[in-house]
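A.B. asks: I'd like to ask you about the structure that follows.
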Amino acid sequence: MKKNERLDLIKNLVLNHDIETQHDLLQRLKEHGLVLTQATISRDMNEIGIVKIPSGSGRYVYGLSQDSGKKVVQKPTSIKSTILEISEKTEGLERFLYLTVVPGNSKLIKRYLLTDFSEQIFSLVVDDDSLLLIAKTQEAADFIRHEVRLWMQGKD
1 MKKNERLDLI
11 KNLVLNHDIE
21 TQHDLLQRLK
31 EHGLVLTQAT
41 ISRDMNEIGI
51 VKIPSGSGRY
61 VYGLSQDSGK
71 KVVQKPTSIK
81 STILEISEKT
91 EGLERFLYLT
101 VVPGNSKLIK
111 RYLLTDFSEQ
121 IFSLVVDDDS
131 LLLIAKTQEA
141 ADFIRHEVRL
151 WMQGKD
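If you count by full-length UniProt numbering, then the sequence shown holds residues 1 to 156, one letter each, in order.
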C-alpha cells in the first residue's frame, strides 16, 4: 500500500470509529492488513493533523483538526479551547507562560500561537500535553495570556 493510501485509510478510520489510543489505531490498521510501528503511526498522525477531540461520551478520541466530520453528540469544540489551564503571572517569571492542554493537541496549539503571536514570542517548548512559552517582553506575555484566556472561553 502506498503512503497516500495509508494516510487516507487512517483518516477514514479516525472519522468512522472512536479511537482513543495509537494502539487502538494500530489494531484497526492490522484488521486491514497493515502492520506498522508506533513511530510510523505517530508521524502519519502528525502529518494528517490528527488531534484528540471530545466525544459525545465525554472521553477524548482522535479526530481531524481541520475537520468537523467527526460525529460528536455535543456542540463542536474549537481546538483552541482544548487549553485546560494557563499559569498566572509569577514574580520573577513575568515573561513565562505555562499552558496545560488536552493530550495530543500541543503541536496544533503551538502552531496557532506562532501564527498569532510570532513577533512577541522568544521561544516555545512543547510536549504531548503542555507548552512553555517565553515572551520577548512582559507586556507581550500579558497580552498573550489575555488572548489565550479568550481562546479558552471559545472567543477566538
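No residue lacks a Cβ here, since even glycine has one placed at the ideal position from N, Cα and C.
Alpha carbon to alpha carbon, how far is Met1 from Ile134? Give it in angstroms, no decimals.
C.D. replies: In a straight line, the C-alpha of Ile134 is about 43 Å away from that of Met1.
A.B. asks: Measure from the alpha carbon of Leu9 to the alpha carbon of each residue in Tyr60, Leu64, Phe117, then state which is nearest.
C.D. replies: Out of Tyr60, Leu64, Phe117, Leu64 has the C-alpha closest to the C-alpha of Leu9.
A.B. asks: Could you check whether the Cβ of Asn46 sits closer than 8 Å to any Cβ belonging to chain D?
C.D. replies: Among the chains in the structure shown there is no chain D, since it carries only a single protein chain.
A.B. asks: Identify, in the order they occur along the chain, each residue of the same chain with its Cβ nearer than 8 Å to the Cβ of residue 160, setting aside the five sequence neighbours on each side.
C.D. replies: Past the edges of the chain, shown from 1 to 156, lies residue 160, and the structure says nothing about it.
A.B. asks: Is the separation between the beta-carbon of Ile48 and that of Leu7 shorter than 8 Å?
C.D. replies: Yes.
A.B. asks: Looking at Leu124: is its Cβ nearer than 8 Å to the Cβ of Leu108?
C.D. replies: No, they are not a contact pair.
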